[in-house]
Each structure stands twice: as C-alpha cells, then as structure tokens.
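Notes follow once the structure below has been shown.
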Amino acid sequence: MRLSRSLASATAAVCLVISLSYEAMPHARVEAPGAAASELFGASCRSRITGSRVTTYCHNPYPRTDGVRLHIECDRWWDLDSDGAEVQAGPAQTVRLTGRCWKEVRSVWVSHRKLAR
C-alpha cells in the first residue's frame, strides 16, 4: 500500500512540474496577415585592434541600408580621437572600416543610421 501512495504523490509532483515549466516557456506567436511586424535593422560589426590600428568589418544581413561610422577613442590625452566617415552597408554587403591612434587605443565603437531605401 505504501508503494502506491508514494508512486501517486511522485506522479502528481512530476505532472505539476511539467505543467508549470510548459507555461513558463515562451511560445511562437502567429501574427495576423495584416499585422505589421517590427523591421529588423542593423549591421553586425567585429573590431580588431592591432597596436594603434583598428579594423572593423560590418555585415548587413537585412534589406535596409545601414550607414555605419567607426569611432575611436585614443588612450593618451594628447592623441586626437577620431570619428570616421559614414559608409553605406547595403543588403547582404560587408564593409571594412579602418582608423588609428598615434599610440594606444582606449575604445572603439560603431554607430548605425537607417538610410533611405
């Protein structure tokens, strides 16, 4: 008799855990045909610092053109920081951005801007 009671309580506990974890998991939502989906945008960029030189590759997998700019902050107070010119990364295009400091590089980032289609 004890075996069936412990088996019943264990079964109830497993069912409870399974039902709770199912509710907590995110599920795919099907949008109505007329609903506007959010537009995906933004090239993914990878930067490499070699000494005082910076090379960045940005790939745009989306259909809208992305205007990317390389920004470099130099470590020395007398070394001028630089903001590169905007480069258009079209759909399925990879662009290369380069820049440098006289001495060490403190930080690098890329800014993005949606361009007209």
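With mature numbering (1 follows the signal peptide of the UniProt record, and there is no 0) applied, the sequence shown corresponds to residues -24 to -1, 1 to 93, in that order.
The beta carbon of each residue, even a glycine, is placed where N, CA and C say it ideally should be.
Checklist line | 7 Å Cβ cutoff met for G43 and Q64 | finding: Yes.
Notebook entry, point to check: Is it buried or exposed for G27, if we count other Cβ within 10 angstroms and need 16 for buried?
Noted result: Looking at its Cβ environment, which holds fewer than 16 other Cβ atoms inside 10 Å, G27 is exposed.
Checklist line | Of the listed residues S14, V30, E15, D51, nearest to V86 (C-alpha basis) | finding: Minimum Cα distance to V86 is reached at V30.
Next item on the list: Give me the Cα-Cα distance between K90 and L56, rounded to the nearest whole angstrom.
Entry: In a straight line, the C-alpha of K90 is about 28 Å away from that of L56.
Note to self: Let me make sure I understand the geometry here. Which of Y33, G18, A19 has the alpha-carbon closest to that of I25?
What the structure shows: Taking only the C-alpha atoms, the option nearest I25 is Y33.
Notebook entry, point to check: Bridge partners of D42, per DSSP?
Noted result: Under DSSP, D42 forms a beta bridge with A65, K90.
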